[in-house]
Amino acid sequence: MVAVDGAVHDAEMAAPSLASRRSLSLLDLGALLYLGAVWGAVFLFMRIAAPQVGPVWSADIRLLIGAAVLLAIAGRRTLPVVRGRVTSFLIVGALFSALPFTFIAIATVTLPAGFAALLNAATPLFTAAIGMAFLGNRPSARVVAGLLVGVASVVVLVGWSPLEPGITTILAVAAGLGAPASYALAGNYVRAKMRDVEPTELATGMVTAGALLALPVAILSGAPGTPNIDGLVSLIGVGVLSTALAWPVFFRVLRRTTATAASTVTFIVPAFALAFAAIVLGEPVGPELLVGFGLILASLCLVLGIGPHLGAPVPVARRVAGIVGGLGRP
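Now the structure itself:
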């Protein structure tokens, strides 16, 4: 979710064909798996930390830690990029971090970590819908079928859930779906308006802007609670591993592919979230989660085009050349 400066950037962006820039290479798939692991851990971290310090504070502490790490790494390079684009970075900071991080924290106070992660897999549904409505994107029939299967997975999860019905559960589910909706808006915005920004600088400006936007809301929510050692470790983990070290990788993938393809990382996240929650928190994996996750995997295969292909095999040399040609500058 690679960039270069000035004329070199323009030449490299113009050189690959549209198909090569929008296809997923082995490097992209590896990055998505990495992100699936560290973002699957988000729901474990937040399930532990949010009840201890408060959902809004846990989201902002995550952002503050992530911003501190990224500023230490790339703050000097980021400042010239932000100048003249403050509004854009504030929009991305709100949509890609402040709002969804807070929504996730609110959801995990009530919902099991695995359940919340599965709701977050609705991101590609919102992303594709926004791209179709406002950016003129025309997905293939296969992608549409995959998105419909994704919708079915959300229906199964919510309708078959053993959670107690009530306003608290409804609000938690709404927050769980609010995060992917926000991510979808942000993904399309970045692709349309900020694709010329280097991934690390984009992540640094976005996380920093999100931290600043969320801080007044956190202060107005009251004093934060005092975390236990597991809560403190969770906040550090989510701030460093799942934020500072993850978002530059995501923006690199987003830059090289499409917003819908990059957002399908949220189909991979639930597998790790379910495993982490079951192992660490002892959360049960019920039939609704298994069926929902199965539908999500089917949706992932359709959206990404993973599966058997008919026809003559592509020669190895041509396949390798295509992968290398799609890598751009590391």
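Using our numbering, you'd call the opening residue of the sequence shown number 2 and step up by one each time.
By construction, the Cβ of each residue, glycine as well, lies at the ideal position given by its N, Cα and C atoms.
Everything numeric in this text was worked out from a predicted model, so none of it was measured.
Beta-carbon separation (whole angstroms), residue i vs residue j, contact threshold 8 angstroms
| i | j | result |
| --- | --- | --- |
| G240 | G67 | 5 angstroms |
| L255 | G188 | 6 angstroms |
| V174 | E289 | At roughly 13 angstroms, the Cβ-Cβ gap does not stay under 8 angstroms, so V174 and E289 are not in contact. |
| A106 | V70 | Rounded, the Cβ-Cβ distance is 19 angstroms, inconsistent with contact. |
| F44 | A278 | 7 angstroms |
Member of the options whose CA lies at the smallest distance from the CA of residue i
| i | options | result |
| --- | --- | --- |
| N121 | F102, A212, N138, E284 | F102 |
| A332 | W248, D29, V152 | The first residue shown for the chain is 2 and the last is 331, placing residue 332 beyond what the model contains. |
| M207 | V39, A247, T259, V145 | A247 |
| V191 | A95, C302, L72 | A95 |
| T267 | P166, F127, A99, V156 | F127 |
| V83 | A219, V281, A210 | A210 |
| L72 | A274, L275, A204 | A204 |
| A299 | A180, G85, A146, I74 | A146 |
| L64 | L291, L45, L214 | L214 |
| I168 | F97, L291, A108, L303 | A108 |
| G238 | G41, A75, A32, V218 | G41 |
Rounded separation between residue i and residue j - CA only
| i | j | result |
| --- | --- | --- |
| L112 | P140 | 33 angstroms |
| V176 | L186 | The residue you asked about is not Val; residue 176 is Ala in the sequence shown. Whole-angstrom Cα-Cα distance: 15 angstroms. |
| L332 | L242 | Any answer about residue 332 is impossible in this case: the structure gives the chain only from 2 up to 331. |
| K194 | T244 | 22 angstroms |
| F251 | S26 | 14 angstroms |
| A134 | S89 | 21 angstroms |
| P339 | P225 | For residue 339 there is no data in the structure shown, the boundaries of the chain being 2 and 331. |
| D197 | S183 | 21 angstroms |
| L30 | L221 | 41 angstroms |
| T259 | P271 | 21 angstroms |
| D61 | A212 | 6 angstroms |
| F116 | S154 | 11 angstroms |
| V39 | I269 | 11 angstroms |
| A99 | G55 | 15 angstroms |
| G329 | E199 | At G329 the pLDDT is 29, less than 50, meaning the model places this residue with poor confidence; the figure from the coordinates comes in the next sentence. Roughly 13 angstroms separates the two Cα atoms. |
| I171 | G179 | 12 angstroms |
| F294 | A262 | 18 angstroms |
Status (buried if at least 16 other CB within 10 Å, exposed otherwise) for residue i
| i | result |
| --- | --- |
| E202 | buried |
| P249 | buried |
| L148 | buried |
| E165 | exposed |
| H310 | Because the pLDDT of H310 is 46, which lies under 50, any placement of that residue in the model is unreliable, and the question is left without a value. |
| V150 | buried |
Test: residue i CB closer than 8 angstroms to a CB of chain B
| i | result |
| --- | --- |
| L158 | The chain labelled as chain B is not found in the depicted structure, where only one protein chain is given. |
The ligand NAP heavy atom lying under 7 angstroms from the CB of residue i
| i | result |
| --- | --- |
| G211 | The ligand NAP is not among the ligands present in this structure, which contains no ligands whatsoever. |
### Query
Between the stretch 45-61 and the stretch 225-233, do three or more beta carbon pairs fall short of 8 angstroms?
Verdict: yes, contact present.
### Message
Does the stretch 141-148 come into contact with the stretch 72-86, if we say contact requires no fewer than three beta-carbon pairs (one atom in each stretch) closer than 8 angstroms?
### Response
These segments do not touch.
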